[in-house]
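*Asks:* One structure coming up, written as structure tokens, with questions to follow.
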Amino acid sequence: MIKLVVFDLDNVIIDGEGIDEIGKLINIEDQIAAITEQAMQGDIDFETSIKKRVGLLKGVATDDIRTLANEMPLMKGAKETVSTLKENGFEVAIISGSFDIIADTIKGKLDVDNIFTNSLVEEDGVLTGEVTGPLVSGSKLDVLSRLIEEKGYTLDECVAVGDGANDISMIESAKYGIAFNAKPALKENADIIVETRDLTDVLNVIINLNSENTEGDADVDKEVAVETEVVETTDVVVENQEEQVADATEEVVEEIEETEEVVEEAEEEVAEEEAAEEEAEDVEEEAVEEEVAEEKPVKEAKPKKSKKKNALPEPDFDLADTIEGVRVQKDEREERIAKVADEREAFNREAKEQRKIRDELNSELKENLAQAIEFRDQRNEINKQVEENKKARNKVNDEIKSLEWSSGKKDKIRIEAEIKKIDKIIETRVLDIKKENQLVKNANDLRKELAEIKEDDKVKEEAAELKKKSEEYHAKVVELSEQAQEAHEQMLSYFRKTDEIRTAADEAHKLFIQARKNASAKHEEFKMILSEIHVINKKLGSNKNRKRRSDKSGGSSNNKKNREEKERAESIFDKFKNGKKLSTEELLLLQKYDIN
């Protein structure tokens, strides 16, 4: 559960860089912006950059800065984001290398809970060119750690939002690090990247992170969500065999291994389909039962099962004045309900197809993710071997140095340095002849001593053997580093493929949801027409249960034929009452419609 959201100030909460804007007051904004950019890209450390920039501001009036602070524009969506977060129970803080003279104004505008910044030193109403504060030499993580300790939170209950290299420490350490319209140096270390300049996009991300269910409708399927953040590997550097070799491959991938999988149960899937296809029949059966119940005398009150889901809506239409007109209304609605049922079934088929596509893509996505993780584990295992060989190589190199020093090399280096020093004095200074001769003699004596130093043959042989072993370890380091790099590239390839599949699965899911909504809308239209037919049947006195299924053609024409036969039977009965003799066919027709 996220409890604390921490924002950077410049280019995150406010739309601009505070120190750059101060620089505009004395027309040095270009110089300051250049240093700011270096810091944001991670080319120079923050402490160096802030001191250099503040030094350029010496002499700026603090009243002018306060005026500037009041005029600084907020980032789009800043007010809505902070207020909504607070309304939803989040605590909001700002941790920035900017200055309290600006931040205090912003705190008042947004009602932020906590703000931590640096301070510009002023004297007699102008800046001295010096800066103090917890974020001059300290990191944002240091400040964040003190804050959560004071509040009783943990880093797993924090979201950090930033845009530059000096935000990396808190972005890496928080449960979720969000790079907002950020520099590449920060994007490489963030869990989530938001490319827009609208903080409400960040707000939506945070709200969703803190909610287990992001869909409001009970029938909306959820799919496997896999978020990965891949950081490009560093180059492998191979130096001469006497020097140490730089790290071949660093740990460069931070992916979320725990993925939230929400998979619908098979029984629930079947129930959804059957409900969508057969609900109309249940509705009509209920409607007919109600009609029959209205005509039968009530013997005993029995509790009814609730069928709220299938309840018909109240119709709002005017019945025709004549029976013939009512029959025409029924014919029209019979045709319409058959058409609507067909359209509903078409949407249900489309939903089923899109769900199948989505589920197949999600299955493929999981396979790709498994492959990516397999290559990542392979890379990590190779990197362990790289480290083992590097340690073995460096240990051998230390032994070589120790042997060389013990074999007289240390004395040789010392003597050579003394000779070089004497020669330098003789070349560069004006000396009397006596002193110069003495220096020449000393140098010659040292050269003789140097010539007499001989390295121990056994030591030399042992050093040569160790050197050979060092070269073998070094070659292994290079070979394994290349293998680790290859596994890393394979991992990146599968992660990219995973992202493509996820995008396609998301699109299929959207189409599935839209088709389901369309089918639901058609079903509501179906029920409304059925309700109207229900009213018409009451008017006509028809209580027969006639199921309407979209896969049975000719339903409307059969109803019309039956109605015509009944009308003919009623006409025959009228004639019979007046003394007309009836044929067998006519008697059967009267019997069919129970006319007597």
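Residues in the sequence shown are numbered consecutively from 407, following my numbering.
The beta carbon of each residue, even a glycine, is placed where N, CA and C say it ideally should be.
The structure displayed is predicted, hence computed values, not measured ones.
1) Distance, Cα to Cα, Arg733 vs Leu725?
2) Per DSSP, which residues does Ser525 bridge with? Please list them.
3) Rounded to whole angstroms, what's the CA-CA distance from Asn943 to Gln997? Just pull it up for me.
4) In the structure shown, what three-state DSSP assignment does Glu423 receive?
5) With Ile508 as the anchor, note down where its alpha helix (DSSP H) starts and where it stops.
6) Would Met576 and Gly570 be called neighbours here (beta carbons separated by less than 8 Å)?
7) Can you tell me which of the three DSSP states Tyr879 falls into?
8) Compute the Euclidean distance between the alpha carbons of Ile598 and Asp722, then round it to the nearest angstrom.
9) Thinking C-beta only, is Ile507 closer than 8 Å to Arg472?
10) What does DSSP give as the partner residue(s) for Ser586 in the beta ladder?
11) Enumerate in chain order the residues of its own chain whose CB-to-CB distance from Arg764 is below 7 Å, with the five nearest sequence positions on each side excluded.
12) Counting C-beta neighbours from all protein chains within 10 Å, is the total for Ser543 16 or more, i.e. buried, or is it exposed?
13) Buried or exposed: where does Ser504 fall if 16 or more other Cβ atoms within 10 Å of its Cβ makes it buried?
14) Would you mind stating whether Ala475 and Thr511 have Cβ atoms separated by less than 8 Å?
15) Below 8 Å, can you find three or more Cβ-Cβ pairs linking the region 451-458 to the region 479-490?
16) Just how far apart, CA to CA, sit Ser977 and Gln920?
17) Output the boundary residues of the alpha helix (DSSP H) element that contains Phe452.
18) Give every residue of the same chain whose Cβ lies closer than 7 Å to the Cβ of Arg750, excluding the five residues on either side of it in the sequence, and list them in chain order.
19) Which residues in the same chain have their Cβ closer than 6 Å to the Cβ of Ile1003, if we skip the five residues on either side of it in sequence?
20) Phe723 by DSSP, collapsed to three states: which one?
21) Take the Cβ of Asn850 as the centre, count every other Cβ of all protein chains shown within 10 Å, and call the residue buried at 16 or more, exposed below.
22) Given this structure, state the Cα-to-Cα distance separating Leu526 from Asp416, to the nearest angstrom.
23) List the residues that DSSP assigns as beta-bridge partners of Val567.
24) How about Ile501 and Val418: are their beta carbons less than 8 Å apart?
25) Does the region 841-857 come close enough to the region 817-832 that 3 or more CB-CB pairs lie under 8 Å?
26) Under 8 Å, do Asn524 and Gly539 count as touching if we go by C-beta distance?
27) Between Val608, Tyr559, Lys987, which lies nearest to Gly583 when the distance is taken from Cα to Cα?
28) Excluding sequence positions up to five away, which residues of its chain have a Cβ less than 6 Å from the Cβ of Leu872?
29) Just tell me which of Glu766, Asn494, Met481 has its CA closest to the CA of Leu605.
30) Using only CA atoms, which one of Thr909, Val836, Ser808 lies nearest to Ala869?
31) Using the Cα positions of Glu528 and Gly461, report the straight-line distance between them to the nearest angstrom.
32) Whose C-alpha, out of Ile521, Ala857, Asp838, is nearest the C-alpha of Asp817?
*Replies:* Walking through what the data contain:
1) Against the sequence shown, residue 733 aligns to sequence position 327. Against the sequence shown, residue 725 aligns to sequence position 319. One C-alpha to the other measures close to 10 Å.
2) Here residue 525 refers to the residue found at position 119 when the sequence shown is read from its first residue. Partner(s): Thr538.
3) If you number the sequence shown from 1, residue 943 lands on position 537. If you number the sequence shown from 1, residue 997 lands on position 591. Cα to Cα, Asn943 sits roughly 21 Å from Gln997.
4) Here the question's residue 423 lines up with position 17 in the sequence shown. Glu423: coil per DSSP, three-state reduction.
5) By 1-based counting over the sequence shown, the position of residue 508 is 102. Residues 506-516.
6) Within the sequence shown, the letter at position 170 stands for residue 576. Within the sequence shown, the letter at position 164 stands for residue 570. It is not a contact, given that the beta carbons lie outside the stated cut-off.
7) Position 473 of the sequence shown, counting from 1, holds the residue named residue 879. Residue state, collapsed to three classes: helix.
8) Walking along the sequence shown from the start, residue 598 turns up at place 192. Walking along the sequence shown from the start, residue 722 turns up at place 316. Rounded to whole angstroms, Ile598 to Asp722 spans 52 Å at the Cα level.
9) As a first step, residue 472 is located in the sequence shown; it is residue number 66 there, counting from the start. As a first step, residue 507 is located in the sequence shown; it is residue number 101 there, counting from the start. Result yes, Cβ atoms of Arg472 and Ile507 sit closer than 8 Å.
10) Within the sequence shown, the letter at position 180 stands for residue 586. Reading off the sequence shown, one finds Phe at residue 586, where the question assumed Ser. Beta-bridge pairing links Phe586 to Val600.
11) Translated into the one-based positions of the sequence shown, residue 764 becomes position 358. If we look at Arg764 and ignore the five residues flanking it on each side, its Cβ neighbours are Glu629, Ala911, Ala914, His915, Phe918.
12) What you label residue 543 is simply residue 137 of the sequence shown in a count that begins at 1. Looking at its Cβ environment, which holds fewer than 16 other Cβ atoms inside 10 Å, Ser543 is exposed.
13) Reading the sequence shown from its first residue, position 98 is the one you call residue 504. Ser504 is buried by the Cβ-count criterion.
14) Here residue 475 is taken as the residue at index 69 of the sequence shown, counted from 1. Here residue 511 is taken as the residue at index 105 of the sequence shown, counted from 1. It is a contact, given that the beta carbons lie within the stated cut-off.
15) no
16) The sequence position of residue 977 within the sequence shown is 571, counting from 1. The sequence position of residue 920 within the sequence shown is 514, counting from 1. One C-alpha to the other measures close to 52 Å.
17) Position 46 of the sequence shown, counted from the start, is the residue given in the question as residue 452. Taken as a continuous stretch (DSSP letters only), the alpha helix (DSSP H) holding Phe452 covers 452-462.
18) Numbered from 1 along the sequence shown, position 344 holds the residue referred to as residue 750. Same-chain partners within the cutoff: Ala925, Lys928, His929, Phe932.
19) No information on residue 1003 is available, as it lies outside the stretch 407 to 1002 that the chain covers here.
20) Locating residue 723 in the sequence shown gives position 317, where the first residue counts as 1. Three-state result, Phe723: coil.
21) As a first step, residue 850 must be located in the sequence shown, where it is residue number 444. Exposed is the call here.
22) Locating residue 526 in the sequence shown gives position 120, where the first residue counts as 1. Locating residue 416 in the sequence shown gives position 10, where the first residue counts as 1. Answer to the nearest angstrom: the Cα atoms are 16 Å apart.
23) Residue numbering aside, residue 567 sits at position 161 when the sequence shown is read from its first letter. Phe413, Ile584.
24) In the sequence shown, residue 501 corresponds to position 95, counting from 1. In the sequence shown, residue 418 corresponds to position 12, counting from 1. Going by C-beta atoms, Ile501 is not nearer than 8 Å to Val418.
25) yes
26) Sequence index remark: in the sequence shown, residue 524 carries index 118 (1-based). Sequence index remark: in the sequence shown, residue 539 carries index 133 (1-based). Taking 8 Å as the Cβ cut-off, Asn524 and Gly539 qualify as a contacting pair.
27) In the sequence shown, the residue the question calls residue 583 occupies position 177. Of the listed residues, the one whose Cα sits closest to Gly583 is Val608.
28) Position 466 of the sequence shown, counted from the first residue, corresponds to residue 872. Answer for Leu872: Val802, Glu805, Ile806, listed in chain order.
29) Sequence index remark: in the sequence shown, residue 605 carries index 199 (1-based). For Leu605, the nearest C-alpha among the options comes from Met481.
30) Looking up residue 869 in the sequence shown gives position 463. Selected option, being the one with the closest Cα: Ser808.
31) Start at 1 with the first residue of the sequence shown, and residue 528 comes out as number 122. Start at 1 with the first residue of the sequence shown, and residue 461 comes out as number 55. Taking the straight line from one Cα to the other gives about 12 Å.
32) Counting from one through the sequence shown, the residue named residue 817 turns up at place 411. Here the closest residue by C-alpha is Ala857.
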